[in-house]
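full-length UniProt numbering applies: residue 1 is where the sequence shown begins, and numbers increase by one.
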Amino acid sequence: MENEITITVTDQDGHEHTLVCPLEMGLTLKDICKACDLPMEAMCGGMAMCATCHCYILDGETTLPEKSDIEEALLSELFNSGENSRLACQIHLTAQMDGLSVIIAAD
Numbered sequence: 001m002e003n004e005i006t007i008t009v010t011d012q013d014g015h016e017h018t019l020v021c022p023l024e025m026g027l028t029l030k031d032i033c034k035a036c037d038l039p040m041e042a043m044c045g046g047m048a049m050c051a052t053c054h055c056y057i058l059d060g061e062t063t064l065p066e067k068s069d070i071e072e073a074l075l076s077e078l079f080n081s082g083e084n085s086r087l088a089c090q091i092h093l094t095a096q097m098d099g100l101s102v103i104i105a106a107d
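What follows is the structure in structure tokens.
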């Protein structure tokens, strides 16, 4: 269907989850991970204040919006962040992200 996308999320234990995500609800990557009971803490509830929704983008990075200064600052404070690190709460799902592949970062 054209109003949903499929993404792959790998949890901290290495288990791959294929998620079908509706687009009309304006969800973020964090929202869909939480809705599917994946182990993503997201303590601040998506306010870009805690970085506990840290994930690594494996495939589809070019379809994502640029990191904001706030997201960049939070990621820079993490010891395990890399070039492909993002905060899941800052990634609003769009049709261009179909096929996105991410790993939830270890705590």
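For each residue, glycine too, the CB sits at the ideal point set by N, CA and C.
Just so it is clear, the structure is predicted and the values come from calculations on it, not from any experiment.
Proximal residues to residue i (C-beta, below 7 Å), its chain only, five neighbours per side dropped
{"i": "Val9", "result": "His17, Leu19, Cys33, Leu38, Val102 and Ile104"}
Rounded C-alpha distance that separates residue i from residue j
{"i": "Gly99", "j": "Glu2", "result": "13 Å"}
{"i": "Glu83", "j": "Ile7", "result": "20 Å"}
{"i": "Met49", "j": "Leu74", "result": "7 Å"}
{"i": "Asp11", "j": "Cys44", "result": "20 Å"}
Distance CB(residue i)-CB(residue j) smaller than 8 Å
{"i": "Leu29", "j": "Ala88", "result": "yes"}
{"i": "Tyr56", "j": "Ser85", "result": "yes"}
{"i": "Ala51", "j": "Asn80", "result": "no"}
Any C-beta of chain C under 8 Å from that of residue i
{"i": "Glu41", "result": "Among the chains in the structure shown there is no chain C, since it carries only a single protein chain."}
Of the residues the options, the one placed nearest residue i, counting alpha carbons only
{"i": "Gln96", "options": "Gly60, Gly26 and Thr52", "result": "Gly60"}
{"i": "residue 112", "options": "Thr62, Leu27 and Gly46", "result": "Any question about residue 112 goes unanswered here, given that the chain covers just 1 to 107."}
Supposed close pair residue i, residue j - CB separation, criterion 8 Å
{"i": "Leu93", "j": "Cys21", "result": "5 Å"}
Neighbourhood of residue i by C-beta distance below 6 Å, restricted to the same chain and skipping five residues each side
{"i": "Cys53", "result": "Lys30, Met40, Ala42, Leu87, Ala88 and Cys89"}
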